[in-house]
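Chains as they are written, first to last, in my numbering: chain A, 1 to 474; chain B, 1001 to 1474. We treat Cβ as the ideally placed atom computed from N, Cα and C, and that holds for glycine. Step one of this worksheet: look at the structure below.
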């Protein structure tokens, strides 16, 4: 049995989660001895080796300890405090964006090899299905060499579009492959969407905080950002959005409804439905970034906003960068009623997307490898996220507020008010730890004592030690 | 010996060219018997098989015929008339572009499998080095699987940038790899260049006629095109350009100085130098599209405009789509003094270009395969171009004017004034032949009795027959 055997991996992670929950709920009280390995093995009908691995995870997470010749005991673990940050309070007026220089210098700095990447929204190589993807790519290169002689259709490879249409059904949206256009990643999808629905100097409503890439794209297109107050766990506030669209002229709204970057927030279904409906009535296109939607800790995954779209007013954007490979550069877009505009702009942007990565991904999806690996990755992130929150509650000041993501690998922290996150960032870099300061996620310079953390690339003892150092710096 | 053996291929093509020249120059007069196969074999020190293949080419081209038991005789070939079209006469005022719909419908129509593609600017699969490229790609996929875990640097793969810097030296421009940014093809390079130097409603000076892709990009960016009179063989007129930049506010100038699309024109060195200098003095950035520059019939290839750039005012754009593979989607840009703007816009457009195609191309260039294959391709296009011109002089009305390209595979025809090229296009489609009507190459609706032809995808008997049909339609 190895760590990479997906079924076994599922078993011991699942068991560890169950046991953690039992401890958190007091089924096994602090100081109490846990059932014997054999007992658990029989109760859960799993092998002894699986139980040992599960207990080892609990030990790593600081929930239990082994006492020689006696068994495993529940430690006085610091009860996790779900200290949820409040609704954000941006100024609701259009703002010119200028996070460019800071963002680029931080991005380049954080790329350095020697850093512990606790802030980057990039998954670890070992979680991605790179080995099987490369084999597929190599096979495609050998078999499909003649396809290199032509530009791929600007809509993208037909088989890949079919596979993506099937994938869309998992988010509750049933469609034909004709609705899908392949892009060079989600950021290209967002560019195409924004350029198809808005002009320079137009106002774009966004979550606050939101992914700095969205802010930067709005900036390079000469548009203005309007930040809407956002709940750290439930996403944009529909009431405030409704009032705002009545008062202000807004050309589009860009949201990450499922497991947002940086909050990890997920809008409840009824909020998604309401936002889709109110924007449709106001004739304001909704651009949905669903790049993390597939990494839900629960199955089925939450519905996409697109699944509530009846008029083609929702432009859906996503990519395989967080689930299969960032370097492959394949994303997609369902432009709804803006399909002609998006298709034309895609064609004139770079004609089409590279042909072999598309054929290979289509095969990869067809063989069920995408689903299998994404579920496995979500389980790993779930476990890591629980550890991450535990260590934060252990090492950070008591008044630290943290979000409660139910998918993805990103977490948002509101640190004590006197903390300067940019200073913290620089001090952490000196200790070889990279985090992402909150100021990047607002066009208004909000979130100066906030940081984004990620469990995508770091785990275990390295994560624990780094968080301990970070906590001390705060 | 097979057609694909490059050395043998070179030999018989070279020999056929030498013999054609001898016939055109009257060394072998009309009606005269050519030297025996054995005689030529000894004179040129090549195999008999090579001589037979060369003679076969001359037969196909209509220069000679075989008479049973007697030998090969020079036919009464129609002397090629270099009827050069005059300087173009566009109206020199900024124009909103709207070729979109026509262009897209023609592009889709011309893609149909069953058509003889006499208009498309796409090279034939057999001329491209697809087999060796695919082998390289397959090897890269196997060996570099971990590189899929990260976004490639937004500048592009370092090895590929080094190889491109070496390639740039062949166009007379010596640079370091730091000047190069990798893109998803030349059209993306042009987009980045235009967006970095101009804003919506700004005026862009262009050659007239010019590649419709350039017109469409100008259109999607909301800019306006200013068409400058252009010599069909020597490119844009420097005198008129100089006068124009003094009178009008121009934000940038986009040129294809070497083997332009659609004319096949090549600006003489002194014109390139003068245009670079006059635009530099007027502080108007020159965007150079050099996608056909490497396909020169003569060596060394003509210098790029960039080679005369002393201040970084020239933004150089190119790609491997015409020489290695269109489906691979790899191009590059040297943004000169606009490097920061271009790099930022590339990053925010799609973060970076797909990683494996870049690594594979770098290996491909490093092993000298690019140079070898591009030279071979240029020889093939040269021979085909001569045949194409010969058949046009044979089958088209006597007052047809044609350009004299010295590189690439595109040719421009001015048909008799009463010809409607769009009607001709539709009639040709009925006969399963696709050509490109001239009206696409102007923002003003110029060139209504002009067409672009290509010898990139069709040759031999099929080309001859199709041109005969086309000539009859005219």
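Which one of B:1036, B:1041, B:1259 has the shortest CA to CA distance from residue 1406 of chain B? Measuring from the Cα of residue 1406 of chain B, the nearest candidate turns out to be B:1259.
What ranges does the alpha helix (DSSP H) occupy inside the region 1222-1296 of chain B, keeping only unbroken runs of at least 4 residues that lie completely in it? 1238-1247, 1269-1281
Distance, residue 96 of chain A Cα to residue 1306 of chain B Cα: 36 Å
Chain A contacts made by the region 1124-1154 of chain B, where a contact means CB separation under 7 Å: 1125, 1128, 1130, 1131, 1133, 1134, 1137, 1138, 1141, 1142, 1145, 1146, 1147, 1148, 1149, 1150, 1151, 1152
Would residue 1191 of chain B pass as an interface residue toward chain A - the criterion being a Cβ-Cβ separation below 8 Å? yes
Under 8 Å by Cβ, that's how I've got residue 209 of chain A and residue 223 of chain A pegged, so tell me the actual separation to the nearest angstrom. With a Cβ gap of about 18 Å, residue 209 of chain A and residue 223 of chain A do not count as contacting.
I'd like the ranges of any alpha helix (DSSP H) spanning at least 4 consecutive residues and lying wholly in the region 378-461 of chain A. 421-430
Run of the beta strand (DSSP E) containing residue 1474 of chain B, from where it starts to where it stops: Segment: none, residue 1474 of chain B is in no beta strand (DSSP E) and carries neither H nor E.
Quick one: Cα of residue 169 of chain A to Cα of residue 175 of chain A, how far? Here the alpha carbon of residue 169 of chain A sits roughly 7 Å from the alpha carbon of residue 175 of chain A.
Can you tell me whether residue 1217 of chain B is buried or exposed? The criterion is at least 16 other CB atoms within 10 Å of its CB, across all chains shown. buried
Neighbouring residues, chain B, relative to residue 216 of chain A (Cβ below 9 Å): Contacts between residue 216 of chain A and chain B, judged by CB atoms closer than 9 Å, involve 1344, 1347, 1348 in chain order.
Residue 469 of chain A, DSSP secondary structure in three states: Reduced to three states, the DSSP call for residue 469 of chain A is helix.
C-alpha gap between residue 1371 of chain B and residue 1365 of chain B, whole angstroms: 7 Å
Residue 1392 of chain B and residue 1467 of chain B closer than 8 Å at C-beta: Yes. Within cutoff.
Using a Cβ cut-off of 9 Å, which residues of the region 269-298 of chain A contact any Cβ in chain B, in chain order? none
Touching by the beta-carbon criterion (3+ pairs, under 8 Å), the region 1135-1148 of chain B and the region 128-138 of chain A: yes
Taking the alpha-carbon of residue 1026 of chain B as reference, which of B:1075, B:1239, B:1056 has the nearest alpha-carbon? B:1075
Between the region 1325-1338 of chain B and chain A, which residues of the former have a C-beta closer than 7 Å to a C-beta of the latter? 1325, 1326, 1327, 1328, 1329
Going by DSSP, which residues form a beta bridge with residue 96 of chain A? A:224
For a quick check, are the C-beta atoms of residue 288 of chain A and residue 314 of chain A less than 8 Å apart? yes
What three-state label does DSSP hand residue 316 of chain A in the structure shown? strand
Cut-off 7 Å between Cβ atoms - residues of its own chain near residue 1080 of chain B, not counting five sequence neighbours on either side: Annotation note: pLDDT 47 at residue 1080 of chain B (below 50); position unreliable, coordinate value reported separately. Exclusion of the five residues before and after residue 1080 of chain B leaves 1389, 1390, 1393 as the residues of its chain whose Cβ lies within less than 7 Å of its Cβ.
Beta-carbon proximity of residue 1207 of chain B to residue 1130 of chain B, cut-off 8 Å: no
Is residue 183 of chain A helix, strand or coil by DSSP? strand
Say whether the region 332-352 of chain A touches the region 422-429 of chain A, bearing in mind that this needs 3 or more beta-carbon pairs closer than 8 Å, one atom from each stretch. no
Kindly list the residues whose CB is nearer than 8 Å to the CB of residue 472 of chain A, restricted to its own chain and excluding five residues on each side of it in sequence; keep chain order. 395
Given a limit of 9 Å on CB to CB distance, which residues of the region 1352-1385 of chain B reach chain A? Those residues of the region 1352-1385 of chain B that come within reach of chain A (Cβ to Cβ, closer than 9 Å) are 1352, 1353, 1354, 1355, 1356, 1357, 1360.
Starting from residue 1067 of chain B, trace the beta strand (DSSP E) in both directions and tell me its first and last residue. 1064-1067
Residue 304 of chain A, DSSP secondary structure in three states: coil
Just verifying my parser: in three-state terms, what is the DSSP assignment at residue 22 of chain A? In this structure, residue 22 of chain A counts as helix in the three-state DSSP scheme.
Assuming residue 1172 of chain B and residue 1410 of chain B make a contact with CB atoms under 8 Å, what is their CB distance in whole Å? Contact doesn't hold; Cβ gap of about 23 Å is too wide.
C-beta neighbour in chain B for residue 122 of chain A, strict 8 Å: yes
Just the C-alpha distance for residue 179 of chain A and residue 1126 of chain B, rounded to the nearest angstrom, thanks. 34 Å
Short CB-CB distance (under 8 Å) between residue 3 of chain A and chain B: With a pLDDT of 39 at residue 3 of chain A, under the threshold of 50, the predicted position of this residue should be treated as unreliable, though the coordinate-derived value follows. No, its Cβ sits nowhere closer than 8 Å to a Cβ of chain B.
Separation of residue 156 of chain A from residue 1235 of chain B, as counted between CA atoms: 35 Å
Contact between the region 178-195 of chain A and the region 329-342 of chain A is defined here as three or more beta-carbon pairs at a separation below 8 Å; is this criterion met? yes
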